[in-house]
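Each residue of the sequence shown is one higher than the last, beginning at 39 in this note's numbering.
Worksheet for the structure shown next.
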Amino acid sequence: MYTLIDGKKIASEIKREIAEEVIRLKKEGRKTPHLAAILVGNDGSSQTYVANKVKDCEEVGFRSSLFKYDADVAEEILLYKIGELNNDNDVDGFIVQLPLPDHINENKVIESIDPSKDADGFHPVNIGKMVIGLPGFLPATPYGIIELIKRYKIETSGKRCVVIGRSNIVGRPVSILLSQKGMDATVTVVHSRTKNLENIVKESDIIIAALGSPGFVRADMVKTGAVVIDVGTTRINAPETKTGWKLAGDVDFNNVAPKCSYITPVPGGVGPMTRVSLLRNTLEAVKMRR
Ligand code: GUN
39 MYTLIDGKKI ASEIKREIAE EVIRLKKEGR KTPHLAAILV GNDGSSQTYV
89 ANKVKDCEEV GFRSSLFKYD ADVAEEILLY KIGELNNDND VDGFIVQLPL
139 PDHINENKVI ESIDPSKDAD GFHPVNIGKM VIGLPGFLPA TPYGIIELIK
189 RYKIETSGKR CVVIGRSNIV GRPVSILLSQ KGMDATVTVV HSRTKNLENI
239 VKESDIIIAA LGSPGFVRAD MVKTGAVVID VGTTRINAPE TKTGWKLAGD
289 VDFNNVAPKC SYITPVPGGV GPMTRVSLLR NTLEAVKMRR
């Protein structure tokens with residue numbers, strides 16, 4: 039029998055902890071933590087993420103602001119807004135929701151964020167600090183995954199871990215965090231050019247699937263007793279639902295779960311933890327600034 043990793047439950051616990059801390063901070067006469075978000079265009083997933091982030095902020099007693107722009111917004115307008123948020127003393131942290139439209143240089147946008155307000159941990163300064171193990175903001179999804187592993191007391195030391203996908207926001211950073219002292223996993227990153235990918239996955243004690251391909255990880259690729267963390271959140275057609283779509287993970291859950299020791303569901307696994315990481319980073323930003 040496998041253990042279902044309940045990200046929603048853990049996220050609620052952490053939100054409660056954050057809410058208590060916010061009350062403490064306010065009692066000490068400190069300001070209300072304030073997280074801002076910039077959203078460009080009409081991408082459905084991005085709108086959902088950002089709407090949820092606003093809701094999360096309300097739940098824990100943070101202030102939140104949302105700045106929306108049309109998909110054809112000029113890059114310099116975005117850069118100007120980022121400059122304003124960098125200089126706004128009331129804003130403790132902010133994020134620019136990705137992906138951005140093709141005409142906007144994503145790297146340039148990320149590099150224009152003040153690293154001390156980079157709640158997403160995407161700025162090269164924060165990535166660099168993460169790589170050498172210095173304190174800084176960790177990217178939200180990897181941070182959430184590590185926290186899930188810790189709270190479920192899943193052993194990582196000496197374990198073979200495969201990360202499927204090498205994105206800047208999930209695959210690469212989570213591979214770095216898992217190999218660091220304290221986590222001590224032996225990590226392999228596999229991607230679209232990897233040879234014998236299926237064999238590498240099959241030999242792994244811990245599988246992190248972060249490629250965005252529904253059902254990619256099949257039961258025959260998974261060793262009995264493996265830990266499976268599914269980061270996929272692809273919208274697929276589902277005429278039976280109210281919205282007409284549902285979220286699909288990268289793992290064929292129904293067939294893979296019976297072989298696992300631990301597995302995350304989609305939705306309700308990694309997703310809620312990503313959102314909570316953002317709140318944790320914002321709180322950290324507040325503390326660092328005072
Ligand atoms: N797009 C998908 N995931 C994320 C995230 O964690 N942060 C931002 N800013 N954009 C995303």
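Cβ atoms here follow ideal geometry from the backbone N, Cα and C, with glycine treated the same way.
Of the heavy atoms belonging to the ligand GUN, at least one sits nearer than 8 Å to the Cβ of T312. Remark: the shortest separation between the CB of Y87 and any heavy atom of the ligand GUN falls under 8 Å. Under the 8 Å Cβ criterion, the segment 124 to 138 counts as touching the segment 67 to 75, having at least three qualifying pairs. In this structure, the ligand GUN has no non-hydrogen atom nearer than 8 Å to the beta-carbon of I267. In this structure P137 is exposed. Its beta-carbon is surrounded by fewer than 16 other beta-carbon atoms within 10 angstroms.
DSSP places V308 inside the alpha helix (DSSP H), whose first and last residues are 308 to 327. As the crow flies, the alpha-carbon of D268 is around 11 Å from that of A295.
Assignment of beta-bridge partners to D268 by DSSP yields A247.
A heavy atom of the ligand GUN is found nearer than 8 Å to the CB of A178. For K146, there is no enclosing beta strand (DSSP E); the enclosing alpha helix (DSSP H) covers residues 144 to 149. Shown here, Y181 sits in a helix according to DSSP, grouped into three states. In the structure shown, T226 falls within a strand segment according to DSSP collapsed to helix, strand and coil.
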